[in-house]
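Report on one structure; see the data block that follows.
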Amino acid sequence: MQLKDCSSITEHLESLFAQAIASAFPKYSDTPVVIAPVNSSSAKFGDYQCNNAMGLSKKFKESGINKNPREIATELKGHCPSSPIIEKLEVAGAGFVNVFLSKDFAALALSNLLRNGVKPPQVPKKRVLVDFSSPNIAKQMHVGHLRSTIIGESVCRLLEFLQHDVIRVNHLGDWGTQFGMLIAHLEDRFPNYLNESPPISDLQLFYKESKKRFDEDEEFKKRAYSRVVSLQKGVPNSIKAWELICNVSRKEFQTIYERLDISIKERGESFYQSRMLSVVEYLRGKALLEEDEGREIMWPDDTKTGIPLTIVKSDGGFTYDTSDMAAIRHRVEEELCDWIIYVVDSGQSTHFNTIFKAAERCAILKPRSHRVDHVQFGVVLGEDGKKFKTRSGDTVKLADLLDEGMKRSLQQLESRGRDKVLTPQELKDAQQSLAYGCIKYSDLCHNRISDYIFSFDKMLEDRGNTAVYLLYTYTRICSIARNSGEDFSNLSEILKKVKIELTHEKEWKLAKTLLKLHDILIKCSKELFLHFLCEFCYEVCTVFTEFYDSCYCIEKNKLGEIIEVNHSRILLCEATAAVLRQCFYILGLKPVSKM
Ligand code: ARG
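Position one of the sequence shown corresponds to residue 59 (this note's numbering), numbered consecutively onward.
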């Protein structure tokens with residue numbers, strides 16, 4: 059009694075009702091099935107609803123047949139194949155078919171989950187490249203890059219869990235004319251750079267200095283330009299200087315990635331240098347480049363509206379556009395990806411729309427076989443609703459931000475007196491879990507498209523949809539089995555003797571909530587929105603709390619001695635923990651067993 063031929067409850071019901079429509083109304087067999095979950099507060103209407111009768115009735119009317127939605131719903135009910143997951147079907151209201159899930163099915167599904175771990179729903183496998191984080195060398199990695207890093211990492215984890223073949227790419231801004239002045243400045247400041255690594259501690263400052271000279275000193279400017287040329291030609295000394303400069307930034311980025319547990323492969327713009335040459339040839343060959351005041355531009359489509367891409371500058375150099383055209387071609391033709399995801403701020407949406415259209419126009423992308431997404435996100439605002447800045451008005455350094463998070467989470471734990479109960483190591487783990495967890499979660503739990511207000515006070519609240527609330531609830535759930543005085547480590551053994559009971563209303567509600575996981579994961583991956591998963595975690599935690607408040611798992615007498623352990627309920631707790639653990643992993647939260 060498993061959902062073998064499908065991946066989630068909704069998909070299973072969709073296939074059943076598709077059969078019902080085809081058999082009751084063969085003429086309309088191509089009607090898309092509409093299944094919606096029923097709000098759990100209206101349990102009397104069942105758990106899911108098929109809403110197709112209204113639409114079908116309209117279609118009948120158009121062909122001159124009068125059939126009211128209730129009649130149609132009744133026929134759908136009659137033609138729906140029986141399934142182990144359905145307890146009963148009911149026609150209600152204007153013409154809904156309400157689906158009541160079977161408790162036997164739910165109990166079995168949860169036992170399987172406990173026995174085998176949380177398994178992903180089945181979806182068609184894709185080779186997908188996720189372009190995320192992508193900061194720029196010698197410039198500050200700012201909060202916008204932090205958002206891309208956090209969202210990108212979770213998108214990767216989600217898609218990996220769904221068994222896609224995922225390539226994580228850091229499209230580092232490591233190429234371009236700014237390196238000319240950086241190299242020229244390096245030559246002057248550290249003439250011995252070929253033998254001894256230059257001790258640049260503040261690359262931003264180094265950048266500012268070189269920019270100043272570039273703007274003020276004609277001779278320096280000339281030399282900077284000549285270094286761009288030598289870099290692009292691959293002159294060894296210039297390459298060496300460029301590598302040294304990149305290494306300084308690389309180290310800084312790496313510490314942030316390590317702290318946040320991000321894994322990503324560097325493949326910066328420089329990687330595409332030779333491919334830029336060849337994509338230009340390719341586009342010229344297709345006669346898609348046009349001369350425009352000395353530049354070579356490309357329109358995204360034949361109507362020549364919108365903004366064209368600048369493929370070759372008037373001085374013969376390449377641009378951000380050129381590197382993205384070369385990159386998309388590499389991803390499709392060499393990496394053989396069928397799905398490419400760019401996690402980049404909304405400010406670049408015109409750029410990506412133009413790239414996608416242009417790539418289609420020159421036949422790099424084939425809409426039937428490739429999916430491309432710009433996973434865009436809004437800007438980070440401070441608590442005053444203005445752009446996120448330090449008090450003195452500077453951009454916030456990410457390392458400082460993470461440090462501040464660590465400080466605040468320690469204060470939070472201390473205010474709850476946890477420093478008195480936990481060992482120093484446990485306290486440290488809890489502090490890290492909270493600090494990085496709350497920074498990630500507060501980013502992921504909002505619809506990414508809207509701007510979001512960065513507030514440590516808000517994200518460290520222990521109520522509502524916050525990382526703190528979820529992590530505490532998880533810890534509490536884990537402590538239940540631990541405090542039962544019995545060994546719950548071998549669940550398969552226990553399941554041989556104990557059957558999961560779902561008699562109490564709250565047990566049943568919790569079971570049904572947990573079984574929504576597959577639907578949610580599929581929805582998240584279709585739309586690439588992680589806040590659906592956050593909302594699900596929050597729902598699991600609140601429904602769990604309702605269950606725990608009204609259902610004894612462990613009964614104690616007045617002396618505090620355990621008199622009864624309800625094994626089935628503890629299994630429900632363990633199933634809840636397992637589901638949360640999987641979701642937390644995707645969201646980058648690291649739960650600890652004591653907090
Ligand atoms: N380095 C760019 C920036 O900081 C982001 C790069 C995004 N990826 C891309 N393929 N264009 O704005």
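All C-beta atoms in this analysis are idealised placements derived from N, C-alpha and C, irrespective of residue type, glycine included.
These numbers were taken from a predicted model, which means no experiment stands behind them.
| Check | Outcome |
| --- | --- |
| Please report the straight-line C-alpha distance between His-504 and Phe-248, rounded to a whole angstrom. | 47 Å |
| With distances taken Cα to Cα, identify the nearest neighbour of Ile-225 among Ser-212, Asp-189, Gly-238 and Arg-205. | Asp-189 |
| For Cys-138 and Lys-574, what's the separation of their Cα atoms in angstroms? | 22 Å |
| Could you pull the start and end residues of the beta strand (DSSP E) that Cys-688 belongs to? | A question about residue 688 goes unanswered here, because the residues of the chain that appear run from 59 up to 653. |
| My output table needs one value for Asp-431: the three-state DSSP class, helix, strand or coil. | strand |
| Is the beta carbon of Phe-158 closer than 7 Å to that of Gly-104? | yes |
| Report yes or no: is there a C-beta of chain B within less than 7 Å of the C-beta of Tyr-510? | Absent from the structure: chain B. Only one protein chain is present. |
| I need the straight-line Cα distance from Asp-63 to Asp-223, nearest angstrom please. | With a pLDDT of only 44 at Asp-63, under the threshold of 50, the placement of this residue in the model should not be trusted; the figure read from the coordinates follows. About 22 Å. |
| Once you ignore the five residues that flank Ala-94 on each side, which residues in its own chain have a CB closer than 8 Å to its CB? | Tyr-106, Gln-107 and Asn-109 |
| Within a Cβ cutoff of 6 Å, which residues of the same chain sit near Ile-208, ignoring the five residues on either side of it in sequence? | Lys-498 and Asp-501 |
| Check this for me: beta carbons of Met-653 and Ala-488, under 7 Å apart or not? | yes |
| Below 8 Å on the Cβ atoms is my contact criterion, and I expect Val-402 with Ser-206 to pass it. Report the Cβ-Cβ distance as a whole number of Å. | 6 Å |
| Closer than 6 Å to a non-hydrogen atom of the ligand ARG - does that hold for the CB of Asn-295? | no |
| Is the CB-CB distance between Ala-152 and Pro-127 below 7 Å? | yes |
| Any heavy atom of the ligand ARG closer than 6 Å to the Cβ of Val-402? | yes |
| Go ahead and label Asp-577 buried or exposed: buried means 16 or more other beta carbons lie within 10 angstroms of its beta carbon, across all protein chains shown. | buried |
| Can you tell me whether Asn-305 is helix, strand or coil according to DSSP? | helix |
| Measure the alpha-carbon distance for Pro-182 versus Lys-415 and round it to whole angstroms. | 25 Å |
| Determine contact between the stretch 419–433 and the stretch 225–243, defined as no fewer than three beta-carbon pairs at a distance below 8 Å. | no |
| What is the C-beta distance between Ser-66 and Pro-179, in whole angstroms, given that I count them as a contact (C-beta under 8 Å)? | 5 Å |
| Can you list, in chain order, the residues of its chain with a C-beta nearer than 7 Å to that of Ile-644? Leave out the 5 residues immediately preceding and following it. | Ser-212, Arg-215, Leu-216, Phe-219 and Leu-591 |
| Cβ-heavy atom distance between Gln-332 and the ligand ARG below 6 Å? | Reading the sequence as shown, one finds Ser at residue 332 and not Gln. It does not: the Cβ of Ser-332 is nowhere closer than 6 Å to a heavy atom of the ligand ARG. |
| Given this structure, state the Cα-to-Cα distance separating Asn-228 from Val-433, to the nearest angstrom. | 15 Å |
| Any idea which residues DSSP pairs Arg-226 with across the strands? | Val-188 |
| Among Gln-406, Ala-417, Leu-456 and Leu-586, which residue has its Cα nearest to the Cα of Glu-391? | Ala-417 |
| Taking Pro-127 as part of the alpha helix (DSSP H), name the residues at either end of that continuous run. | 127–137 |
| Look up Arg-215 in the DSSP assignment and say whether it is helix, strand or coil. | helix |
| So, using beta-carbon positions, are Lys-564 and Glu-604 closer together than 7 Å? | yes |
| How would you call Gly-523, buried or exposed, if buried means at least 16 neighbouring beta carbons within 10 angstroms? | One detail in the question is off: residue 523 reads as Asn in this sequence, not Gly. So Asn-523 counts as buried. |
| Using the three-state DSSP reduction, which class does Leu-159 fall into: helix, strand or coil? | strand |
| With burial defined as no fewer than 16 other Cβ atoms inside 10 Å of the residue's Cβ, what is the status of Glu-354: buried or exposed? | buried |
| Throw me the rounded Cβ distance for the Ala-525 and Leu-346 pair, which I believe falls under 8 Å. | Between Leu-346 and Ala-525 the Cβ distance is about 48 Å, and since that is not below 8 Å, they are no contact. |
| On the criterion of 16 or more Cβ atoms from any shown chain inside 10 Å, does Tyr-610 qualify as buried, or is it exposed? | exposed |
| Distance, Cα to Cα, Phe-587 vs Asp-319? | 21 Å |
| Measuring CB to CB, does Glu-327 end up less than 7 Å from Asp-442? | no |
| May I ask which residues mark the beginning and end of the beta strand (DSSP E) holding Ala-150? | 144–150 |
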